[in-house]
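Quick note on my numbering: the sequence shown kicks off at 442 and runs consecutively.
In this text, a Cβ means the ideal position worked out from N, Cα and C, and glycines have one as well.
Since this is a predicted model, take the numbers as computed values, not measurements.
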Amino acid sequence: MTAAVFFGCTFIAFSPAVALFLLTIARDPLRVIFLIAGAFFWLVSLLLSSLVWFVAVQISNKDSGSQQKGLLVFGVLLSVLLQELFRFAYYKLLKKANEGLLALSQEETMPISVRQLAYVSGLGFGLMSGAFSVVNILSDSVGPGTVGIHGDSQHYFVSSAFMTLAIILLHMFWGVVFFDSCERRRWWSLGAVVCSHLLVSCLTFVNPQYEGSLIPTYMVLCVMAGWAFSCAGGSVRNLRLCLTYSVCNQDTEAALVKPEEVSQDQVRDAVTETKEKIQKLVVFNSQLKDRVRELEELLSAARRDGDLKSKECEREQVARIILQSELHEKTEKLKHCEELLMECERERESHSLLQAEMDETKSNLMNEVEKLEKRGELMWNLLSDVYMVRKVLEKECEQEREARSILQSELNEKTEKLKHCEKLLMESLAKSEKKLQMSVETIAQLDAENSELEDLVMSLRVAIEHMQNQLSESYREHDKLMNVSIDELEEKHQKAVENITQLEIKKPLLIDQDELCENQKKADNLTNECERERESHSILQSELNQAKDDFKYFEKNMM
C-alpha cells in the first residue's frame, strides 16, 4: 500500500513536468543547460531565504508558539520575494548573454528565443521547487506508518502531490509571463506575477484543510495558463488550426492505406520528411518573427528618444510604418501559405504532386525568409543611424551647455566688477561733494573777511592821505619859518613843538596804519588761498564730471 502511494504521488506530481522535459527540452543540449541554470538560481534563492530564517529563529524566543508561527510566515514571504528577485536576475543574465549565444550558434539568428528561454527557465524553477516541497512527504509515504489515524486528512499525500503539480506548472507559466513583462516593460504584470505567487504560497496558512487550498490554486493556475498562452503569441485561431491539422493528418493517413505495403511506407516516409521540413521552416519562421519583433521593439524605443531631438526621426517612423505594413503583408502571405499547405495535404493524390508542391512552398518560404532577413538588416541599420544621430545631438547639447556656463560666469564677473565700480564712484562722488561743500563754505568765509579787510584798507588809505597832507603843510610852514626872524622862528618853533606833540599824539595812528598794511598783506595771502581753493574746486568739479561720464558709459554698456 505504501509503495502504491509513493509511486502514485510521484507520478501525479512529476509526470507532466517530466513529459514536457523529454518532449521539448531533452533533445536540445542548450535548453538543458538553461534548465539547469534556472534550477541553480532557484537553489541560491532558497539558500539565502533559509539562512535568513535560521538566523531569525536563533534570535527569537523558541518557547513562544505565536512568534514561531510568525517567523514561519515571514520565511515563506521572504522565500517568494527572493525567488522572484532571482528570476529577474536570471532574465538580466540571459539578456547579457545574447551576443555570446549568437557567436556560438552557426546560424545568423539566435538559437533559442526569449520565449523559449522563459519556458525552459520556468520549468527549471518549477522542477526544483516541486522536488524540495514533496521529497520529505514522499519519504514519509513509504512507511511504516499511515497518515490520518488521529483525525488528520487521509488525502494528505494525494493533495500534496496535486499541489506540487500546480506549483511546477505555475512556475513555468510565471516564467513566461515574467520574461514577457520584462521585454515589454509592463511593470504591473510583474507585480501581478509576484502577488499571485504570494497568494498561492499563503493559501495553506489561510485554510488548514489541504483539499480546500487546491481549488483556488488551480483557479490561479488556469488564469496564469491562459495569460502565458497569450504572451507566447497563442490565439484561438492558432489552437483551431492545430486541432484541424491533427484531424487532417489522421484522415490523410487513413486515406493513404493501400494493399501494397512497400508503396505505403515510402509515401509515409516522404510525408514525414516533408512534415519535418515544414515544421523546421515554421520554427525558423517563428524565430525570425521573434527576432523581427525584438528589432521592432528596439527601433520603437530608439525612435521615442529620437523624436525629442530632431525631425529626422519622423522619416524613420514613416519608414517603420511602411516596414510594418510590409511585414504584416508578409505574415499574411505566410499564413496563406500555411493554409495552402493544409489544403494541399487534404487534396493530394499522389506522391509526385505532393513533393512538387512541397518544393514550391519550400522555395517560397525560403524567399520570404531571405526577404525578412534583409528587412531585419535594414531595420538594424536604421537603428544604428538613429543611435549615431542621438550621440551627435548629445555632444552638441553638452557643448552648448559648456558655452552657456562660460558666458554666465563672464557675465557674473562683469556684473561684480560693475557693482564694485559703482560703489567706488558713489564713494568718490560723496567725498567730492563734501569737499565741494567745504570749499564753498571756506570761500564764502574768505569773501566776507576780504570785504571787511578791503573796508579797513580804504579807511587806512584815507587816513594816510590826510596825514600826508598835514606833513606837507608842516614842511611848507617850516620853509617859511626859515625866512622869517628868530622871533618868528621861536614862535614857529613853539608851534612846531606843538605840532610835534600833536604828531607824537598821532604816532599810534601811524602804527595802526602799519598794522593795516600787514593786514592788507594777510588779506592778499587769503585771496591767493581762495584762488587756490577755487582752482582745486574746479579740478574736483572736472573729476566729478569725468566720474559722471564714466558712470553713464558703464550704464550704456550694461544696456
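Assigned with DSSP and collapsed to three states, K503 falls in coil, not helix or strand.
In the three-state reduction of the DSSP assignment, D469 falls in the coil class, being assigned neither a helical nor a strand state. Excluding residues up to 5 positions away in sequence, L519 lie with their Cβ nearer than 7 Å to the Cβ of V493 in the same chain. Using a Cβ distance threshold of 8 Å, F527 and F482 count as a contacting pair.
Bounds of the alpha helix (DSSP H) holding S622 are Y597 to R625.
Look at the beta carbons and you see the region 617 to 632 touching the region 551 to 561: at least three pairs across the two are nearer than 8 Å. In the DSSP assignment, L461 falls within the alpha helix (DSSP H) that extends over T443 to L461. Counting the other Cβ atoms within 10 Å of the Cβ of L488 gives fewer than 16, which makes it exposed. L523 is positioned such that its CB atom lies no closer than 8 Å to that of S570. About 5 Å separates the Cβ atoms of L564 and M613, confirming a contact at the 8 Å cut-off. Distances from the alpha-carbon of H769 to those of M807, K730 and H638 put K730 closest.
Taking the C-beta atoms as reference points, V641 is found nearer than 8 Å to L611. Assignment of I980 by DSSP, reduced to helix, strand and coil, places it in the helix class. For G571, the secondary structure class from DSSP, reduced to helix, strand or coil, is helix.
Secondary structure at S554: coil, using DSSP grouped into helix, strand and coil.
Comparing alpha-carbon positions, the option among I980, I477, C971 and L736 lying closest to E818 turns out to be L736.
Considering only L834, V733, E974 and S766, the residue with the shortest C-alpha distance to M879 is E974. Scanning the region 837 to 865 from its first residue to its last, no whole alpha helix (DSSP H) run of 4-plus residues comes out. A602 places its beta carbon 8 Å or farther from that of T658.
Put simply, the region 622 to 633 does not touch the region 504 to 520. Fewer than three CB pairs are less than 8 Å apart. Taking the C-beta atoms as reference points, L981 is found no nearer than 8 Å to S869. S766 and S654 have their alpha carbons spaced roughly 49 Å apart. Under a 10 Å Cβ-count criterion, W668 is classified as buried, with 16 or more other Cβ atoms of the shown protein chains found around its own Cβ. By the CB criterion at 8 Å, A480 and V473 fall outside the cutoff. Around the beta carbon of G567, a 10 Å sphere encloses 16 or more other beta carbons of the protein chains shown; the residue is thus reported as buried.
Within its own chain, no residue has a Cβ closer than 8 Å to the Cβ of R917 once the five positions on either side in sequence are excluded. Assignment of G675 by DSSP, reduced to helix, strand and coil, places it in the coil class.
Using a Cβ distance threshold of 8 Å, M829 and T715 do not count as a contacting pair. With contacts defined by Cβ atoms closer than 8 Å, K718 and K803 form a contacting pair. Here A885 carries a helix assignment [DSSP, helix/strand/coil]. Annotated three-state conformation of A669 is helix, per DSSP. Take the alpha-carbon of F447 and the one of V733: they are about 48 Å apart. Residues of the same chain with a CB within less than 6 Å of the CB of I578, apart from the 5 flanking positions on each side, are S601 in chain order. Here the C-alpha atom of F670 lies approximately 32 Å from the C-alpha atom of V514.
Within 10 angstroms of the beta-carbon of I500 lie fewer than 16 other beta-carbons, which makes it exposed.
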